[in-house]
Structure formats: C-alpha cells, structure tokens
Amino acid sequence: MHPPGDPWTPLAPVYSALAAIIDEGLAPDVTAVVMTADGSILSTSTDELKDATPGTHYAALNDYQLPSRIEMISRDELIEFARLGPFVDVVAPVSSRSERLVFKHYEDADAIPRMWHEVQIPGRLLGHPNIVPIRHLVVHEKVGDGRSGAVVGFTLPFISGGTLAAARTSRTFKLKWAKQLFQTIDDINLKYGIVHGDLRLRNLMVDPATDNLMLIDFGMAAKRGEYPYRKNTTYMPPIASDDLGRDLPDLNLSDLFFTQPGTEAPPKAHDATKGPWTTHPDARLDHPAEDYRAALVDWLRRRDADARDDVSLAPASAPLDFPDHMPLPAADTVPMPDYLDPLMVDLGLPPALQNVAVSGYKFFRRNAVRDGRAVVEWARPTHVALDRSRTLLATGKYADEGEGRNEGKGKKKNKVKKKKQHRVAKAGRTVRRALPT
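Written out as structure tokens, the structure reads:
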C-alpha cells in the first residue's frame with residue numbers, strides 16, 4: 001500500500017487487479033496485458049514481439065573466483081519451503097531436508113551489481129563471527145564436471161532469531177550486540193576496505209545458536225572509493241554515500257531503543273556526545289542507556305584517531321581482492337552493436353560497466369529466443385496454486401512431475417489430476433533468462 005501523496009498511489013487499482021489475475025491463473029505465454037487506470041482488463045497478448053521481459057546475464061561459476069569451501073548446488077537440488085519476499089525463498093537441500101537455507105536469486109538487470117557484491121564480499125569473509133556466510137552458489141544446472149554452470153543465486157544459513165527491526169518488542173537489546181556492531185563496522189571499513197552502504201535494522205540479525213549479532217545483505221556494498229559511480233544511492237543512509245569509510249548507522253539503533261530528554265528525535269551518531277540518553281519506553285535493555293552512549297562515544301573517538309579511517313592517510317590493513325564487476329558475455333554485446341548507442345552510454349560508470357544496458361535494459365528475452373540461445377526458465381506456481389502436499393523444487397517444478405502419481409487409480413482420478421495440473425501450469429509464471437556462453 002502506497003502512502004497518501006505517493007506518485008504511485010493512483011496505480012494501486014492496477015497493481016491489485018494484476019495481482020488478482022496472476023493468482024487466478026495467467027497463462028505463461030501471455031506477454032502483455034492492457035488495462036485501464038481503474039484496473040479493468042482491456043486485452044491480453046501472446047505476441048512475442050510485445051514481450052518486454054529483459055534479459056539478464058548469469059555469469060559462469062568460474063567468473064566468481066570464490067574460495068573452494070563454498071559449495072555449488074543446482075536449482076533441482078533445492079526444495080522450496082516458503083517465500084520470504086521477491087526473489088528470496090526458504091529452501092533445503094534435497095540431500096539434507098532438515099537443513100534450512102535462504103535462497104536469494106535475481107531475474108533483472110538492476111540486480112547484477114548488487115548480486116555480484118552480495119556474493120563476493122561475505123564469500124571471502126567466511127570465518128567472521130558477525131557476518132552471515134555464503135553457503136552455496138546456486139547454478140541453473142550442473143554442466144560437465146559439476147564445477148561449472150550459470151550462477152542464478154546463492155544460499156545463506158537461515159537464522160531463526162529474526163532481525164533487529166522487531167527487537168524492541170521481541171527481545172532485550174544487549175550492550176554486547178552494539179559493541180559487536182561497532183567492531184564489525186571497523187573490520188569491514190578499516191581492515192577489509194569495504195563500505196556496507198545499507199546498515200539498517202532489517203540487515204542486522206541475532207543468531208540464537210551463538211547469541212551474536214549478525215550482519216547480512218552486502219548488495220549495496222563496494223570497495224572504498226567506488227561509491228562516486230555507484231547507483232541506487234537512494235537506498236543508502238546518507239552517511240554511507242560520502243564514502244568516508246565510516247559506515248555509521250546514523251544511529252539506526254537509537255531509533256528504536258533510545259531517546260533524548262525533551263525531544264522526540266532519537267539521538268544521532270554525530271550528537272552522541274551531547275547526551276544524556278534514556279531508554280525508549282517500548283524498549284528493553286540489559287544495561288543503562290548511558291552505557292550504550294558511552295560505548296558509541298568511545299568507538300567514535302577511536303575511529304577519529306585511526307589513520308585508516310581516511311583513505312588518503314592509510315589504506316585498509318587487509319583489503320579484499322576480488323573482481324570489481326560481473327563480466328558481460330560477448331554473446332550479449334557483439335551480436336547487437338546497434339544497441340550500443342553512444343548517447344545512451346553512462347560515462348560516469350567504469351568502462352567495464354558502460355555497456356551493462358546491453359545485458360539487461362536493451363537485451364530482451366525475445367532476442368535470445370529468436371537467436372536460439374539457451375534461456376533459464378522460472379516457471380513457478382503462484383502461491384495460491386501451490387500444492388504443499390508435494391515437494392516443490394527451486395526450479396518451480398514438483399519433484400514427482402512425470403512419475404505418474406495416479407497410475408492404476410482409474411481414469412476418473414487421472415482426468416481430475418490432469419485438470420489440476422493444467423490449472424497449476426496455467427497459473428505458473430514463466431520467466432526465461434539468457435545463459436552465458
């Protein structure tokens with residue numbers, strides 16, 4: 001639901017109507033839906049020339065150059081248990097059904113730089129006690145020796161402790177978690193030379209197994225010095241976009257747990273020395289609020305005295321070394337020189353990213369199909385069509401498809417089954433994505 005005054009509010013009826021027809025069963029070959037402003041459907045089309053689905057380059061496994069400790073798994077080796085949000089599912093390996101993982105994947109060009117950094121950075125910090133590690137790289141399907149394939153996403157351990165966004169009402173916020181956050185920010189900024197760029201309560205979790213604060217979601221992260229050309233700055237706290245390497249939460253924690261007497265505004269990081277702090281009436285702390293403020297003040301003073309806090313004075317002590325950008329395949333760029341309009345190239349980007357539009361914004365699924373290129377299918381049944389009595393794989397197909405589940409149970413049951421399968425297939429959403437060559 002969009003708030004009053006939001007420019008998207010007038011389109012709310014369209015969103016609601018479109019969601020309804022998808023849930024009811026939109027044929028997977030529909031490429032366009034024409035609707036009125038009040039959400040009424042005027043027409044649908046299956047014309048492939050009207051298919052505006054963008055292509056997305058899925059890099060090959062070898063492009064990632066990650067430590068061998070990170071395992072590879074294919075989509076058909078993951079079982080879907082729940083959908084947490086767009087492109088985020090709870091899954092389990094077929095070989096270990098009691099294990100719970102979070103499977104993050106992407107289907108559009110906007111996610112290319114985010115996915116790259118979200119894999120590369122935690123994938124090289126596997127031993128850090130406060131950073132959720134990468135568990136698998138997920139490939140569309142295994143090729144050849146089993147150590148190759150197109151990477152469509154990755155998995156993380158599922159942490160049941162939840163995020164700090166709900167911490168005020170669900171748990172006591174511990175002083176040690178604040179100190180762990182400060183140390184983790186120091187590590188990624190000063191030791192590894194990384195700016196997280198999205199330090200929010202929703203990206204901070206508590207692992208019940210260790211009682212440690214855990215940092216997730218490096219999709220907005222980058223090496224220090226890269227932020228001048230990074231897009232999507234609207235998603236970052238203002239303090240992160242200046243690339244000072246501080247990555248201060250500004251202070252997001254205070255929004256939930258602390259207040260300053262005589263004002264409704266929470267204490268910000270740069271005002272922390274003014275004090276005093278008091279506990280928010282809805283929060284629970286294991287130490288007096290002033291102890292948290294003192295820990296923050298001490299941290300800020302230490303940061304100010306550390307030469308590594310200014311990249312012009314000293315570099316990070318152990319900077320991460322990884323490819324800056326996901327490589328674009330020649331198969332996407334060479335056959336389509338007409339799409340490389342010089343007037344459309346963003347010269348503010350590094351040369352390696354100036355043609356990224358070809359891989360997504362200008363490279364459409366229909367072109368890949370026309371050229372006979374292999375594409376990734378994302379044909380998942382909608383949530384209302386899910387049959388939870390069956391095992392659904394991350395491919396969007398049931399594990400028993402094609403096994404003849406009702407053989408020998410009579411023609412009538414077979415007929416009912418076929419009708420049900422038709423409804424489920426019709427409700428499925430097919431998204432095909434070009435594979436790297």
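Take the sequence shown: its letter number 302 is residue 302 in UniProt numbering, and every next letter is one higher.
By construction, the Cβ of each residue, glycine as well, lies at the ideal position given by its N, Cα and C atoms.
The model shown is predicted, which means the values in this text are computed figures rather than measured ones.
| Item | Value |
| --- | --- |
| Cβ neighbours of Arg284 in the same chain (closer than 6 Å, five flanking residues each side left out) | Thr172 |
| Reduced DSSP secondary structure (H/G/I, E/B, other) of Tyr398 | strand |
| Option in Ile131, Met115, Asp198 and Lys176 with minimal Cα separation from Ala59 | Met115 |
| Cβ separation of Ile121 and Ala221, assumed to be a contact under 8 Å, to the nearest whole Å | 5 Å |
| Beta strand (DSSP E) segment containing Lys50, residue limits | Careful: Lys50 lies outside any beta strand (DSSP E) and carries neither H nor E. |
| Stretch-stretch touch, CB-based, cutoff 8 Å, three pairs: the region 130-143 with the region 75-92 | yes |
| Same chain, Cβ closer than 7 Å to Thr31, five either side skipped, listed in chain order | Ser45, Thr46, Asp47, Glu48, Lys50 and Asp51 |
| Close Cβ partners of Met35 (< 8 Å) along its chain, the five nearest in sequence each way excluded | Val14, Ala17, Leu18, Ile41 and Leu42 |
| Per DSSP, cross-strand counterpart(s) of Ala222 | Val195 |
| Burial state of Glu99, where buried means 16 or more other Cβ atoms lie within 10 Å | exposed |
| Contacts around Phe103, its chain only, beta-carbon distance under 7 Å, and the 5 residues preceding and following it disregarded | Leu78, Asp89, Val91, Val138, Gly153, Thr155 and Ala394 |
| Sub-8 Å separation of Leu213 and Thr163 beta-carbons | no |
| Integer Cβ distance of Arg365 from Thr53, believed to fall under 8 Å | 4 Å |
| Span separating the alpha-carbon of Glu290 from that of Glu24 | 55 Å |
| Arg380 to Arg293 span [Cα, whole Å] | 48 Å |
| DSSP state of Asp187 mapped onto helix, strand, coil | helix |
| C-beta contact flag for Ile70 and Ile134 at 8 Å | yes |
| Other residues of its chain near His287: CB distance less than 6 Å, five sequence neighbours each side excluded | Leu175 |
| Contact under 8 Å by Cβ, Trp277 with Phe182 | no |
| Endpoints, beta strand (DSSP E) assigned at Leu78 | Leu78 to Gly85 |
| When Glu401, Asp387, His383 and Pro93 are compared against Leu84, the one with the closest alpha-carbon | His383 |
| Proximity below 8 Å, CB of Gly197 to CB of Arg224 | no |
| Between the CA atoms of Leu386 and Pro319 - distance to the nearest angstrom | 46 Å |
| Straight-line gap, Gly396 to Trp378 (C-alpha atoms, nearest Å) | 7 Å |
| Buried versus exposed, by CB contacts within 10 Å (16 or more), Gly127 | exposed |
| Of the listed residues Gln65, Ala111 and Tyr398, nearest to Phe87 (C-alpha basis) | Ala111 |
| DSSP state of Leu125 mapped onto helix, strand, coil | coil |
| Proximity to Pro61 [Cα-Cα], best of Lys191, Asp400, Ser389 and Met326 | First, the residue type needs correcting, since residue 61 is Leu and not Pro in the sequence shown. That would be Met326, whose Cα lies nearest to the Cα of Leu61. |
| In DSSP terms, what Glu118 is bridged to | Glu118 pairs with nothing; no bridge assigned. |
| CB of Leu66 within 8 Å of CB of Gly123, strictly | yes |
| Buried or exposed by the 16-neighbour rule on C-beta atoms within 10 Å, applied to Gly372 | exposed |
| Thr9 burial status per 10 Å Cβ neighbour count (16 or more: buried) | exposed |
| Distance CB(Glu107)-CB(Gly219) smaller than 8 Å | no |
| Counted within 10 angstroms of its Cβ, other Cβ atoms place Arg303 as buried (16 or more) or exposed | buried |
| CB contact flag (Ala316, Leu199, <8 Å) | no |
| Counted within 10 angstroms of its Cβ, other Cβ atoms place Pro281 as buried (16 or more) or exposed | exposed |
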